[in-house]
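Number of protein chains: 2
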Amino acid sequence: VNVKHLIRRKRRGEALGGEEIDSLIRGYMAGDVPDYQMSALLMAIVWQGMSEEETFALTRAMVASGRTMSWDDLTPTADKHSTGGVGDKVSLALAPLAASAGVYVPMLSGRGLGHTGGTLDKLEAIPGFTARLDGARFARVLREVGCVMGGQSEDLAPADGRIYALRDATETVESLPLIVSSILSKKVAAGPRALVLDVKVGRGAFMEDLARATELARLLVATSTRMGLSTLAFLTDMDVPLGRAVGNALETNEAIDVLCGVDVSEDLHELTLLLTSAMLVTSHAAPTLLAAKSTLLARLASGAARDVFIRLIEAQGGDARAAVEGRLPVGRSVPVPAESSGVVSDVDPLAIARVVIDLGGGRRRVTDAIDPSVGVFLSARPNERVRRGEPLAVLHLPAGAANEAAMVARVRNAFTLGGARRTPLVHAVVGAGGVVPWRGWDTVLPLA
Amino acid sequence: VNVKHLIRRKRRGEALGGEEIDSLIRGYMAGDVPDYQMSALLMAIVWQGMSEEETFALTRAMVASGRTMSWDDLTPTADKHSTGGVGDKVSLALAPLAASAGVYVPMLSGRGLGHTGGTLDKLEAIPGFTARLDGARFARVLREVGCVMGGQSEDLAPADGRIYALRDATETVESLPLIVSSILSKKVAAGPRALVLDVKVGRGAFMEDLARATELARLLVATSTRMGLSTLAFLTDMDVPLGRAVGNALETNEAIDVLCGVDVSEDLHELTLLLTSAMLVTSHAAPTLLAAKSTLLARLASGAARDVFIRLIEAQGGDARAAVEGRLPVGRSVPVPAESSGVVSDVDPLAIARVVIDLGGGRRRVTDAIDPSVGVFLSARPNERVRRGEPLAVLHLPAGAANEAAMVARVRNAFTLGGARRTPLVHAVVGAGGVVPWRGWDTVLPLA
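Line by line, the protein sequences give chains A and B.
Okay, so the first sequence: first residue is -9 according to the working numbering, each after it adds one.
Okay, so the second sequence: first residue is -9 according to the working numbering, each after it adds one.
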């Protein structure tokens, strides 16, 4: 592969061919294409972009760089991916809930970095739980439980791992086609036939701007559809934390609350049901969102979904009794009282996330260890009323935490009291048929 | 140095600081900054550009990466650089001519690549001539002869050599600030106090477009001036070959014709006089171009300039007698007769250059060996009349050359007969005082 030729053409804004992209990725993995040429090409891609056709070819080439899984005898299959946000623990309840309705979920999840939490970190708050599954065990758990939650394995889409590390070192992360191919290559390699994407928008999301997030959702859907997956993307709010819990053990407990039918915040309950319903619709396990929802509500009510989660934890080595019956232990509680009465109009998700990171509950660098017991629980969410002296939130601190007063002040400052807040939880749905505004559960989905 | 931070800011179009650029180049030379980060940054520079301030800082940092020469006891000093063209042998006559008028010329020259010839290749057509001079010998020749023509030494601006190789491998050559800093870092390291730039425009030049070439000239002048050199740039025509000779020995012979006062084509004579005169003016050895020209014409007439060239050749190990008295031997002559009568309206410089490369007289790759004896001599230049059957040109072929008929046809096809051609030899002059159109030898120069 003549890499200089590819760089020159991309620099000029021309499109690269599918076979050229294949050869490029093969050459890179074989060591024939040096990092310095790849990084120059990546910067040219950041500059000039890539067409849908090129993004598809890059995704396909990255999938082809490693092992792929397929589940032809398990039907239907579906997976979900979120672009990440503060308090987003949806996957933990969604996977067993979908499985309880007959959809197999072969899920590969990541760890948290920066303000975005990671599903694996939340799961590993459960004593004994492991996400390090070899191929055989991953398949066995999926077959026996109906869902499985593994860590990203180096033999799946290995080109993505190497290219992502290079992008991280060369400031070439922020490019839609590169983001899309990175997300999808890992998801596709795990073999689901349907995919639901949760593209978050707002201060706590990767993208703050709805137009840009919509562009990301469209390219994700177009590429995933071309890869043969039935796909829907939901543009959802991440301008405030999702649910009440931020911090690993707290979030796992909150997800268990969802599965146990305990009263949880409306947004978390709604989004978990919606995304799981969409998995049922895209995988043809249910004809409509409303039909799927009614199935899922029944699975929650019967305890079937909770039971799948218990079996999942056990199959992956975790102590299900500790988690589901007793809930996971969390750090010492320190309330954050309101200094005046009023309605919560805003909670800054980044401010909350930074407190959790500073308490040791998140990572600044990939290699940081984390403390699952720390976090912030929002006693009051937007549109809820508090009285002076009542808690806005509860901090859960590590054993020897010093600057308690400073942390309390930071959490308090993340809250604004004032008028009610009316940001919709879901903005729009994107499918192969286009983008449609969200009008509730009877929205006509833009499936092809 | 936090290279990621620099890449991120450049990617966004922000300017980098002088100290940041210094640290970057030092870090790169020390091996602390890997090639893959440098190439990503270079592509971001191709994309977003660099200000005059940044270009100056980069040039300064590249000069500081190695040894620098200074000639405080030799006054005045000046050098010339051409952006390269077909048949451009000006440096060979210019250096001894300037020296004969009392201006010291510490010149570092390069080899040819692609359609552009290199001064060193032309000089090395002289038996025994070497451009490999260590620092002591370079200085001794300069002091004793008044000029010296060395090859680019690895200890002068070594950062330029490494960065150029990386740019070549990553298609990041075409960027004005990178071109300017590369050209000037080598020139500045050799220590002249004045610099004349010949920025060529046209089909045979690096830039075909006058506006873009003017932009290059302005940035070269601004940067060179900030580096402390008194600088003028001339935008000159390279839409047809310069002079009549294309090919190394042929061109050296033509340059010797200039020094010996033999009748040579008007354009070559004029441009050699003009650029040398500009060296006298920028180095304060003459008050005006016209005064400089009259001095130089006297040095040509007296044989003083030719005598300096003879001493230069001898001081650098060459056989001056063979070169200057007998002229260098060239390959077997094959005339290219005109198929009809008329006035030459055009000679395509790239077509001629490609014939010379295909005969073995130029390089496709840096490592190619070249045959100095081959070339094309233009018997008829633009605006000259030929009759049917008379030679348009003479091919000089290597010993065992096969496809003679094809070469004759290619040279013939490079010619167009028709009306007269009126492209000016000089378009404009650029100095610290701005850009002025060229109005002949009494043009008021835009010196600061």
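Ideal Cβ positions, reconstructed from N, Cα and C, are used throughout, including at glycine.
Straight-line gap, residue i to residue j (C-alpha atoms, nearest Å)
i, j, result
"B:Arg317", "B:Asn243", "6 Å"
"B:Leu103", "B:Arg353", "5 Å"
"A:Lys79", "A:Leu187", "14 Å"
"B:Ala389", "B:Ala313", "21 Å"
"B:Arg412", "B:Val333", "13 Å"
"B:Pro96", "B:Ala282", "20 Å"
"B:Trp428", "B:His417", "6 Å"
"A:Thr45", "A:Leu110", "28 Å"
"B:Ala51", "B:Met19", "11 Å"
"A:Gly100", "A:Gly108", "6 Å"
"A:Arg130", "A:Val138", "9 Å"
"B:Leu14", "B:Asp63", "34 Å"
"A:Ser171", "A:Arg202", "17 Å"
"B:Ala438", "A:Gly192", "54 Å"
"B:Ala245", "B:Arg289", "15 Å"
"A:Gly141", "A:Arg122", "6 Å"
"B:Gly350", "A:Gly424", "60 Å"
"B:Ala343", "A:Val53", "47 Å"
"A:Ala30", "B:Ser29", "5 Å"
"A:Gly77", "A:Val364", "13 Å"
"A:Arg402", "A:Val346", "14 Å"
Test item: CB-CB of residue i and residue j under 8 Å
i, j, result
"B:Val419", "B:Leu407", "no"
"A:Leu132", "A:Gly56", "no"
"A:Ala223", "A:Leu210", "yes"
"A:Leu82", "A:Gly194", "no"
"B:Ser255", "B:Gly233", "yes"
"B:Lys70", "B:Met269", "yes"
"A:Ser214", "A:Leu185", "yes"
"B:Leu265", "B:Leu225", "no"
"A:Gly451", "A:Gly118", "For chain A, the structure presents residues -9 to 438; residue 451 of chain A sits outside this window and is missing."
"B:Glu205", "B:Leu168", "no"
"A:Val(-7)", "A:Val36", "no"
"B:Leu(-4)", "B:Glu10", "yes"
"B:Gly74", "B:Thr106", "yes"
"B:Pro86", "B:Ala295", "yes"
"A:His386", "A:Val320", "yes"
"B:Leu263", "B:Leu286", "yes"
"A:Leu415", "A:Leu261", "yes"
"A:Ala91", "A:Ala275", "yes"
Contact test: residue i Cβ vs the ligand SAM heavy atom, cutoff 7 Å
i, result
"B:Gly424", "The model on display carries no ligand, and the ligand SAM is accordingly not part of it."
Nearest residue (CA-CA) to residue i, options the options
i, options, result
"A:Ser175", "A:Thr65, A:Leu219 and A:Gln38", "A:Leu219"
"A:Val356", "A:Ile342, A:Leu(-4) and A:Ala155", "A:Ala155"
"B:Leu32", "B:Gly8, B:Glu161, B:Leu123 and B:Thr120", "B:Glu161"
"B:Asn238", "B:Ile360, B:Leu286 and B:Val425", "B:Ile360"
"A:Met228", "A:Lys190, A:Thr221, A:Gln27 and A:Asn373", "A:Lys190"
"A:Phe405", "A:Met40, A:Asp338, A:Ala275 and A:Arg202", "A:Asp338"
"B:Ala422", "B:Gly379, B:Leu387 and B:Met217", "B:Met217"
"A:Arg(-1)", "A:Arg344, A:Ala34 and A:Leu385", "A:Ala34"
"A:Val398", "A:Ala328, A:Arg183 and A:Leu280", "A:Ala328"
"A:Asp348", "A:Arg322, A:Asp336, A:Asn393 and A:Pro372", "A:Asn393"
"A:Val(-9)", "A:Arg1, A:Arg16 and A:Ala5", "A:Arg16"
"A:Leu272", "A:Thr65, A:Ala115, A:Asp25 and A:Asp124", "First, the residue type needs correcting, since residue 272 of chain A is Thr and not Leu in the sequence shown. Nearest of A:Thr65, A:Ala115, A:Asp25 and A:Asp124 to A:Thr272, Cα basis: A:Thr65."
"A:Glu43", "A:Gly7, A:Gly77, A:Val376 and A:Asp12", "A:Gly7"
"A:Leu368", "A:Leu279, A:Gly293, A:Ala395 and A:Leu258", "A:Leu258"
Within chain A, partners of residue i - CB distance below 7 Å
i, result
"B:Ile(-3)", "Thr160 and Glu161"
"B:Ala34", "Met33"
Chain-ordered chain B contacts of residue i [CB-CB under 8 Å]
i, result
"A:Leu14", "Correct list: empty, because the minimum Cβ distance to chain B is about 14 Å."
"A:Ser41", "Within 8 Å Cβ-Cβ: nothing; A:Ser41 doesn't reach chain B, min ~19 Å."
"A:Trp428", "None at all; the shortest Cβ gap to chain B is about 33 Å."
8 Å Cβ cut-off: residues of chain A touching residue i
i, result
"B:Lys(-6)", "Ala159, Thr160 and Glu161"
Partner residues on chain A for residue i, Cβ-Cβ distance less than 9 Å
i, result
"B:Asp25", "Pro24, Asp25, Tyr26 and Ser29"
"B:Leu166", "By Cβ distance, chain A contributes nothing, its closest Cβ being about 15 Å from B:Leu166, past 9 Å."
"B:Trp37", "Arg1, Met33, Ala34, Val36, Trp37 and Gln38"
Q: Could you tell me which uninterrupted alpha helix (DSSP H) segments, each at least 4 residues in length, are contained entirely in the stretch 230 to 270 of chain B, listed from first to last along the chain?
A: Listed in chain order, they are 238 to 250.
Q. What are the uninterrupted segments assigned as beta strand (DSSP E) that are 3 or more residues long and contained completely in the stretch 317 to 377 of chain B, given in chain order?
A. Qualifying beta strand (DSSP E) stretches, in chain order: 322 to 327, 332 to 337 and 365 to 368.
Q.
List, from N- to C-terminal side, the beta strand (DSSP E) runs of 3 residues or more that fit wholly inside the stretch 394 to 424 of chain A.
A. Taking 3 residues as the minimum length, the beta strand (DSSP E) runs contained wholly in the stretch 394 to 424 of chain A are 405 to 408 and 416 to 421, in order along the chain.
Q. Where are the beta strand (DSSP E) runs, 3 residues long or more, that stay fully inside the stretch 188 to 237 of chain B, in chain order?
A. Runs found: 220 to 227.
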